[in-house]
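Mind the numbering: the sequence shown is residues 1 to 311 in my numbering, read in order.
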Amino acid sequence: MTGFTSPAHFLEVDDFDAVTLKAVLSAAQEWKTNPLAVPRCLEGKGAALLFEKPSTRTRVSTEMAIVTLGGHPVSLRGEEVGLGVRESARDIAKMLSGYCSLIGARVKDHRELEAMASVASVPVINLLSDRSHPCQAVADLLTLREHFGELDGRRIAFIGDGNNVVASLAYAAALSGLEIVVSSPSGYELDSDVVARAHNLGGTIELISDPYEAVAGADAIYTDVWTSMGQEDQSDIRRAAFAGYQINEALMATAGPKAVFLHCLPAHRGEEVAAEVIDGAQSLVWQQAENRMHATRAVIVQLLGESSEGI
Ligand code: CP
Ligand code: NVA
């Protein structure tokens with residue numbers, strides 16, 4: 001590995017600075033409306049996508065992002081690769097770097113992504129870990145930007161588990177001037193180190209346990225599942241703990257008619273969200289899901305440094 005220079009990776013939203021994140025969002029928006037302008041920067045190249053956990057949106061949107069950049073996605077399931085069992089994350093990343101121009105991975109343990117990034121000679125992208133979901137957060141910002149225009153000064157309320165999705169959302173909000181309030185039941189709050197990191201990025205982040213208080217004045221209400229992948233044995237206890245945190249019509253009415261509803265999906269109607277809300281007029285979830293492709297495409301181009309504008 002003599003002369004090895006680590007390429008840019010995207011393991012968390014704040015791997016981009018505020019200026020870069022804004023440029024990525026602008027590129028995503030531009031290429032969404034003008035697909036002919038999408039750079040063919042992966043022409044003749046491969047991208048390996050490794051999934052240790054189930055995925056629908058992330059796998060399909062990332063594969064299609066790669067296809068529209070001219071590349072060939074190779075998706076691999078955790079059990080066939082045997083991450084950390086058949087072969088170490090480092091050995092897998094070194095080997096895949098020899099075939100592919102990009103590695104994406106959805107892992108159970110975030111440290112596996114860090115291990116891959118420490119040795120990969122191509123960019124590594126986090127496709128969800130126990131700690132974070134940065135590509136989702138870029139799509140979330142894109143959706144809010146399409147709806148509201150400027151993000152600066154808008155307020156988003158995340159109601160639910162202080163999990164991987166809201167951690168990345170908090171950093172994304174901090175970097176784009178979006179205020180965020182997170183409302184969780186006792187014992188399920190966002191980690192204090194995530195809050196501190198968002199503060200250090202210049203963000204305005206509040207934790208308010210009462211969901212009604214949290215949504216007052218919010219422009220967007222966001223939730224995610226109460227039980228994330230890998231926590232299935234806790235689902236009964238979590239269902240009880242989160243009972244007062246469902247996004248329903250009463251909560252949306254507290255925020256007001258101009259507030260929008262977001263969810264990274266998959267959703268459980270009747271648990272974290274009422275059907276009337278996710279299927280109602282204030283819901284942007286399908287636009288948000290579609291934006292996964294546009295957002296991830298712009299992230300990939302940024303990492304490959306191939307944009308004509310040098311985004
Ligand atoms: N939102 C999201 O990451 O969905 P998948 O788990 O289906 O990829
Ligand atoms: N928090 C969820 C997000 C799924 C996209 C999970 O980790 O399972």
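For each residue, glycine too, the CB sits at the ideal point set by N, CA and C.
Taking its Cβ as the centre, do 16 or more other Cβ atoms sit within 10 Å of residue i, making it buried, or is it exposed?
i      : result
VAL181 : buried
ARG131 : buried
TRP31  : buried
TYR222 : buried
ILE205 : buried
ASN163 : buried
GLN288 : buried
GLN234 : exposed
MET1   : Only weak support exists for where MET1 lies, its pLDDT of 44 falling under 50; the coordinates are left without a value.
PRO4   : Here residue 4 is Phe; the residue named in the question, Pro, does not match the sequence. With fewer than 16 other Cβ atoms within 10 Å, it is exposed.
LEU36  : exposed
ILE159 : buried
VAL299 : buried
HIS184 : Note on identity: in this sequence residue 184 is Ser, with His being the wrong assignment. Under this definition SER184 is a buried residue.
ARG269 : exposed
GLY71  : buried
PHE10  : buried
Just to confirm before moving on: does the CB-CB distance between residue i and residue j stay below 8 Å?
i      : j      : result
ARG106 : LEU265 : no
ALA28  : ARG297 : yes
LEU178 : ILE156 : yes
LEU21  : SER176 : yes
VAL301 : PRO134 : no
GLY153 : ALA174 : no
PRO211 : LEU169 : no
ILE125 : LEU96  : no
ALA220 : LEU262 : yes
TRP226 : GLU276 : no
Could you work out which residue in the options is closest to residue i when comparing CA atoms only?
i      : options                           : result
PHE51  : VAL38, SER75, LYS32 and GLU30     : SER75
VAL122 : ILE92, GLN231 and GLY78           : ILE92
LEU127 : PHE242, ILE208 and VAL60          : VAL60
HIS294 : ALA8, ALA274, ASP14 and VAL38     : VAL38
LEU304 : VAL225, HIS133, LEU42 and ALA23   : LEU42
SER88  : ALA115, GLU189, VAL273 and ARG239 : ALA115
VAL195 : VAL166, SER209 and PHE261         : VAL166
Do we get a CB-CB distance below 8 Å when we pair residue i with the residues of chain D?
i      : result
VAL124 : Given the protein chain composition of this structure (a single chain), no chain D is represented.
Could you tell me which uninterrupted beta strand (DSSP E) segments, each at least 3 residues in length, are contained entirely in the segment 211 to 242, listed from first to last along the chain?
Taking only runs of at least 3 residues, the beta strand (DSSP E) segments lying wholly in the segment 211 to 242 are 220 to 223.
Would the segment 277 to 293 and the segment 34 to 50 be scored as touching if the rule is three or more Cβ pairs under 8 Å?
Taking a contact to require three or more Cβ pairs closer than 8 Å, the segment 277 to 293 and the segment 34 to 50 do not qualify as touching.
For the segment 88 to 106 and the segment 231 to 247, state whether three or more C-beta atom pairs, one from each stretch, are separated by less than 8 Å.
A contact is defined here as three or more CB-CB pairs under 8 Å, and the segment 88 to 106 fails this definition with respect to the segment 231 to 247.
Uninterrupted beta strand (DSSP E) stretches inside the segment 122 to 167 (no shorter than 3 residues):
With a minimum length of 3 residues, the continuous beta strand (DSSP E) runs that stay inside the segment 122 to 167 are 124 to 126 and 155 to 159.
Ordered list of beta strand (DSSP E) runs contained in the segment 12 to 65, each at least 3 residues:
Within the segment 12 to 65, the runs of beta strand (DSSP E) at least 3 residues long that lie entirely inside it are, in chain order, 46 to 51.
Assess, as a yes-or-no matter, whether the segment 16 to 25 is touched by the segment 133 to 149 under the definition of 3 or more beta carbon pairs within less than 8 Å.
Per the Cβ contact rule, the segment 133 to 149 is in contact with the segment 16 to 25 (3 or more Cβ pairs under 8 Å).
At 3 residues or longer, and completely inside the segment 251 to 279: list those beta strand (DSSP E) runs for me, N to C.
You should have 260 to 263.
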